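J.: For the sequence shown, my numbering assigns the number 180 to the initial residue and increments by one for each residue that follows.
This is the structure, below, for whatever I ask next.
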Amino acid sequence: MDSYIERVAAANALAITPFTRHLKRLSGSTLRFLNAAPSPELVATLARLTDTPESALHELTLSRYEVVPKIHNHHRYAARAASAKGWFSLIRTQACPACVGEGQPWASYWRLPWVTACLKHGCLLITRCPGCRVKLRSTRLQGLRAGGFTPLCGNPRATGRVPQCEDDLGTTALTLAGQPVLVQQQVVLAALRGSTVFCHGEPVTGTEYLRRARSIAVLLFHTVAISTATGLPAWAQQVRAEAQARTKERGPRWGVSAPDCPQSRAAVFLIAHQILTGSVGAGRGSLDAWLDLVPPSNEGTRAWAEDHTTTPDAISYLIG
């Protein structure tokens, strides 16, 4: 939705700030949850101004995906409830540099951790501007950039009225994704669209596949973050580094906020996909091999595993 509003403003030669003020004044609403579940009044106003069906505008938001929990726009604690459920971004996002450079719209599913690569260009997404090193669309206007629809980053360089980052995202060097990752990403996009996915030879809904993949991924993130084993792959080292940088009082909450690094997520979701699409026995053996890296504890490996995943019921049959 933020990308769409930027394009509408650009098409009408309007600056973003006065245009959004106009939208809020006409609708009597705010931009709250713009990219996830904007208010009906705001959608209706934008639909009237652009002569676009409201249903088409809703397709631009995260609310179109069944795997994203429902957000009640007017509820007092809606933001807190949405953040607690996690695994989607209300403001910040990922992006394919090649798509941005070509002037393509920013996709809504780039905000979901399951999505790690662009199938069109065969590359991994980026989460941070290579210039300012800040997460993409880290603005104070619900992700809208003051510069509008442009390949430039647009992140503010400091607080207050300051120049925006002018790094051209379209010139960012691409990190190519391997073919197995691209195949797995095809399954993810199909699942997001509601297609059936076969897990262990049995058909399950796309949402259930994503639910199980998330549970396995969160468990693996926790496993490599606390393991003292050496010789682990590069993605595991990246997860460890990010775990150390996160809050130390309660430790990283991977089930609320997935790792920032697309390479790490791509590698882990590929492992989760292989566990889910092979035989139950093979999947259980693969997961057990990773859980063997967990330091011994009084509660036992199974109890530890069930405590460190998002929905233990989804993958309990795999935890030995």
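Glycine included, every Cβ here is placed at the ideal spot set by N, Cα and C.
Here the structure is a predicted model, which means the values were calculated and not measured.
Buried or exposed: where does Pro-359 fall if 16 or more other Cβ atoms within 10 Å of its Cβ makes it buried?
T.: By the 10 Å Cβ count, Pro-359 comes out exposed.
J.: Alpha carbon to alpha carbon, what distance is there between Ile-270 and Ser-218?
T.: Those two C-alpha atoms are separated by around 16 Å.
J.: So Pro-292 and Ala-437 are in contact, right, with Cβ under 8 Å, and what is the actual spacing, rounded?
T.: Indeed, because the Cβ distance is near 4 Å, the residues count as touching under 8 Å.
J.: Let's test the definition: count the other Cβ atoms within 10 Å of the Cβ of His-251 and tell me whether it reaches 16, buried, or not, exposed.
T.: Exposed, since its Cβ has fewer than 16 Cβ neighbours within 10 Å.
J.: How long is the line joining the alpha carbons of Val-225 and Asp-471, rounded to whole angstroms?
T.: It should be noted that the sequence gives Leu, not Val, for residue 225. Whole-angstrom Cα-Cα distance: 54 Å.
J.: Where do the N-terminal and C-terminal ends of the alpha helix (DSSP H) with Cys-275 fall, by residue?
T.: From DSSP, Cys-275 is part of no alpha helix (DSSP H); its letter is neither H nor E.
J.: Distance check for Glu-185 and Thr-209, CA to CA, integer angstroms please.
T.: Rounded to whole angstroms, Thr-209 to Glu-185 spans 16 Å at the Cα level.
J.: Taking only the alpha-carbon atoms, compute the straight-line gap between Pro-441 and Tyr-183 and give it to the nearest angstrom.
T.: Distance between the alpha carbons of Pro-441 and Tyr-183 is about 25 Å.
J.: In the DSSP assignment, find the alpha helix (DSSP H) that holds Pro-382 and state where it starts and stops.
T.: Pro-382 -> not in any alpha helix (DSSP H); beta strand (DSSP E) instead, spanning 381-383.
J.: In three-state terms, what does DSSP make of Gln-343?
T.: Looking at Gln-343 - three-state DSSP - the assignment turns out to be strand.
J.: Closest by CA to Ile-395, which one among Ala-493, Cys-302, Gly-322?
T.: Cα-wise, what sits closest to Ile-395 is Ala-493.
J.: For Leu-307, which beta-bridge partners are listed by DSSP?
T.: Residue identity differs from the one stated: residue 307 is Arg in this sequence, not Leu. The partner list for Arg-307 (beta bridge, DSSP) reads Lys-314.
J.: Between Pro-330 and Gly-280, how many whole angstroms is the CB-CB distance? I'm expecting something under 8 Å.
T.: Contact holds; Cβ gap of about 5 Å.
J.: CB-CB under 7 Å to Asn-398, same chain, minus the five flanking residues each way: which ones, in chain order?
T.: Looking at the sequence provided, one finds Leu at residue 398 rather than Asn. Excluding positions up to five away in sequence, the list reads Ala-484, His-487, Thr-488.
J.: Where does the unbroken beta strand (DSSP E) through Phe-377 begin, and where does it stop?
T.: Unbroken beta strand (DSSP E) run through Phe-377: 376-378.
J.: Which whole-angstrom value describes the C-beta separation of Val-363 and Phe-267, a residue pair presumed to lie in contact below a C-beta threshold of 8 Å?
T.: Looking at the sequence shown, residue 363 is not Val but Gln. The Cβ separation is near 19 Å, so there is no contact.
J.: Which two residues bound the contiguous alpha helix (DSSP H) that contains Asp-467?
T.: From DSSP, the alpha helix (DSSP H) with Asp-467 extends over 459-470.
J.: At which residues does the alpha helix (DSSP H) containing Asp-181 begin and terminate?
T.: Here the alpha helix (DSSP H) through Asp-181 covers 181-190.
J.: If you check the beta carbons only, do Leu-320 and Ile-305 fall under 9 Å apart?
T.: No. Outside cutoff.
J.: As an exercise, report each continuous alpha helix (DSSP H) stretch of at least 4 residues that is fully enclosed by the region 376-441, in chain order.
T.: Correct list: 385-405, 413-424.
J.: Which parts of the region 229-256 are runs of the alpha helix (DSSP H), unbroken and 4 residues or longer, counting only runs that do not cross its ends?
T.: Listed in chain order, they are 233-237.
J.: Please state whether the Cβ-Cβ distance between Phe-328 and Ala-446 is less than 9 Å.
T.: No; because the gap between Cβ atoms is not below 9 Å, this pair is not in contact.
J.: Buried or exposed for Thr-240, please, with buried defined as at least 16 other CB atoms from any protein chain shown within 10 angstroms of its CB.
T.: Classification for Thr-240: buried.
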